[in-house]
Amino acid sequence: MKTPLLSVHAPIFLVCALAMSAAAAAPALDTRAGPVQLHPVEHASFVMEWNDRTIYVDPVGPVSAYAEHGAADVLLLTHPHGDHLDTETLAGLDLDGATVIMPQSVADEIDGDFGADQRIMANGDTLSVAGMEVRAMPTYNLPPSEDAYHPKGWGNGYVLTLADKRVYISGDTEGIPAMRALEDIDLAFVCMNLPYTMDVDQAADAVADFEPAIVYPYHYRGQDVADFKRQVNERTDAVEVRLGDWYPE
């Protein structure tokens, strides 16, 4: 009698399921004040949990996608394009206790108050909030132009100092000098998609310059992130490229 196929492969399925579960539960980064847990939502939207704080980044789309993450303590908004700013999503989230951090371009698009505290940051500004330091980074297309998709000074990237570790969120940008000059970045989120930001080659080249310990490609719809990983690995062995599930079915 033939052994049922399921019984032969069930242990393999179980091992794979356990491995995926463990990978999902593993922290993106360990800090002196506890782990950073990463929850990709979609495209440019994600949630991080650290030190009993919940950090939302550019939340867009159905509010139900954020239900499991609870109230935000810090909300980071990079710029007002529709794949980064959705006022209907913001209206449905629990932001009553949140510090909302944004550039002036986002503040100009928001109708009404939300959050416990709103902070407008220009490129280069720093502030301390919820036990972390936040620095606003430049984001723009090259060459700089007033009619570019992302003019210089219009949007923000962010560097977060979480205890003893530093996290870089690129926002929508190309491989600008300020990105390439970054030092001691432990975790980075780097965008790539044409024609709005940069292609895989440009992103890999920029990452190889500033060498974050860990990098996640995000905001990459339509781009070959496996090729990005290959190119980074060819350029440097100092960077671990991790691929997250930014485009769920």
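Going by my numbering, 443 is the number at position 144 of the sequence shown; the sequence numbering is gapless. Beta carbons are placed, not taken as given, at the ideal position from N, Cα and C, and that holds for glycine.
Check your understanding: If you draw a straight line from the C-alpha of I354 to the C-alpha of R465, how long is it?
Key -> Reading the sequence shown from its first residue, position 55 is the one you call residue 354. Reading the sequence shown from its first residue, position 166 is the one you call residue 465. Distance between the alpha carbons of I354 and R465 is about 14 Å.
- Message: Considering only their Cβ atoms, is the gap separating V489 from A502 smaller than 7 Å?
- Response: Numbered from its first residue, the sequence shown carries residue 502 at position 203. Numbered from its first residue, the sequence shown carries residue 489 at position 190. Result yes, Cβ atoms of A502 and V489 sit closer than 7 Å.
I513 vs L486 beta-carbon contact at 7 Å
Indexing the sequence shown from 1 puts residue 513 at position 214. Indexing the sequence shown from 1 puts residue 486 at position 187. Contact flag set, yes.
Exercise. To the nearest angstrom, how far is it from the Cα of V359 to the Cα of T535?
Worked result: Position 60 of the sequence shown holds residue 359. Position 236 of the sequence shown holds residue 535. Looking at the two C-alpha atoms, the distance is approximately 34 Å.
Can you tell me where the alpha helix (DSSP H) holding R541 begins and where it ends?
Here residue 541 is taken as the residue at index 242 of the sequence shown, counted from 1. Unbroken run through R541: none, as it is neither H nor E.
>> Would P339 and W545 be called neighbours here (beta carbons separated by less than 7 Å)?
In response: As a first step, residue 339 must be located in the sequence shown, where it is residue number 40. As a first step, residue 545 must be located in the sequence shown, where it is residue number 246. In this structure, W545 lies closer than 7 Å to P339 by Cβ.
Identify whether E432 lies in helix, strand or coil by the three-state DSSP scheme. One-based indexing of the sequence shown puts residue 432 at position 133. Reduced to three states, the DSSP call for E432 is strand.
* Coil, strand or helix - Q403 by DSSP -> Within the sequence shown, numbered from 1, the residue matching residue 403 stands at position 104. Reduced to three states, the DSSP call for Q403 is helix.
Checklist line | Proximity to H383 [Cα-Cα], best of D393, D395, P402 and H368 | finding: Translated into positions along the sequence shown, residue 383 becomes position 84. Per the Cα distances, P402.
| message | Applying the 10 Å Cβ sphere with the 16-neighbour rule, what's the burial state of A343? | response | For the purposes of this step, residue 343 is taken as residue 44 along the sequence shown, with counting starting at 1. Classification for A343: buried.
Q. In its own chain, which residues sit with a C-beta less than 7 Å from the C-beta of N422, not counting the 5 before and 5 after it?
A. Translated into positions along the sequence shown, residue 422 becomes position 123. Correct list, in chain order: A435, M436, P437, G452 and N455.
Review point. According to DSSP, is R352 helix, strand or coil?
Key: Within the sequence shown, the letter at position 53 stands for residue 352. If DSSP states are grouped into helix, strand and coil, R352 belongs with the strands.
Q. Is the beta carbon of M491 sitting closer than 7 Å to the one on P511?
A. In the sequence shown, the residue the question calls residue 491 occupies position 192. In the sequence shown, the residue the question calls residue 511 occupies position 212. Cβ atoms of M491 and P511: not closer than 7 Å.
Which value, in whole angstroms, describes the spacing of the CA atoms of P310 and F527?
For the purposes of this step, residue 310 is identified with residue 11 of the sequence shown, where counting begins at 1. For the purposes of this step, residue 527 is identified with residue 228 of the sequence shown, where counting begins at 1. Note on P310: pLDDT 43, under 50, position unreliable in the model; no value is reported.
Exercise for review: May I have the straight-line CA-CA distance separating P547 from A364, to the nearest angstrom?
Suggested key: Counting from 1 along the sequence shown, the entry for residue 547 is found at position 248. Counting from 1 along the sequence shown, the entry for residue 364 is found at position 65. The alpha-carbon atoms of P547 and A364 are separated by roughly 11 Å.
*asked:* Let me check one thing: in DSSP terms, what residues is F345 bridge-paired to?
replied: As a first step, residue 345 is located in the sequence shown; it is residue number 46 there, counting from the start. Answer is P339 and V356, bridged to F345.
### Message
Once the 5 residues before and after E539 are set aside, which same chain residues still bring their CB inside 8 Å of it?
### Response
Position 240 of the sequence shown, counted from the start, is the residue given in the question as residue 539. These residues qualify, in order along the chain: A512, I513 and V514.
Subject >> Straight-line Cα distance separating V499 from L374 >> reply: As a first step, residue 374 is located in the sequence shown; it is residue number 75 there, counting from the start. As a first step, residue 499 is located in the sequence shown; it is residue number 200 there, counting from the start. Going by the C-alpha atoms only, they are around 28 Å apart.
Residue range of the unbroken beta strand (DSSP E) whose run includes D329: If you number the sequence shown from 1, residue 329 lands on position 30. Segment L328 to T330, the beta strand (DSSP E) holding D329.
- State the DSSP-derived secondary structure class of F509, mapped to helix, strand or coil. What you label residue 509 is simply residue 210 of the sequence shown in a count that begins at 1. Helix, per DSSP.
Please report the distance separating the alpha-carbon of V458 from that of V433. Within the sequence shown, the letter at position 159 stands for residue 458. Within the sequence shown, the letter at position 134 stands for residue 433. Distance between the alpha carbons of V458 and V433: 6 Å.
field: G465, DSSP secondary structure in three states
entry: Counting from 1 along the sequence shown, the entry for residue 465 is found at position 166. Inspection of the sequence shows that residue 465 is occupied by Arg rather than by Gly. Three-state DSSP puts R465 in a strand.
| Below 7 Å between beta carbons: does that hold for L376 and V405? | Taking the first residue of the sequence shown as position 1, residue 376 is located at position 77. Taking the first residue of the sequence shown as position 1, residue 405 is located at position 106. Against a cut-off of 7 Å, the Cβ pair of V405 and L376 comes out as a contact.
Quick one: grab the DSSP three-state call for A487. Numbered from its first residue, the sequence shown carries residue 487 at position 188. Three-state result, A487: strand.
key: E348 classed as buried or exposed, judged by whether at least 16 other C-beta atoms fall within 10 angstroms   = Within the sequence shown, numbered from 1, the residue matching residue 348 stands at position 49. Per the 10 Å Cβ criterion, buried.
So, with DSSP's three-state summary, where would you put R534? Start at 1 with the first residue of the sequence shown, and residue 534 comes out as number 235. If DSSP states are grouped into helix, strand and coil, R534 belongs with the helices.
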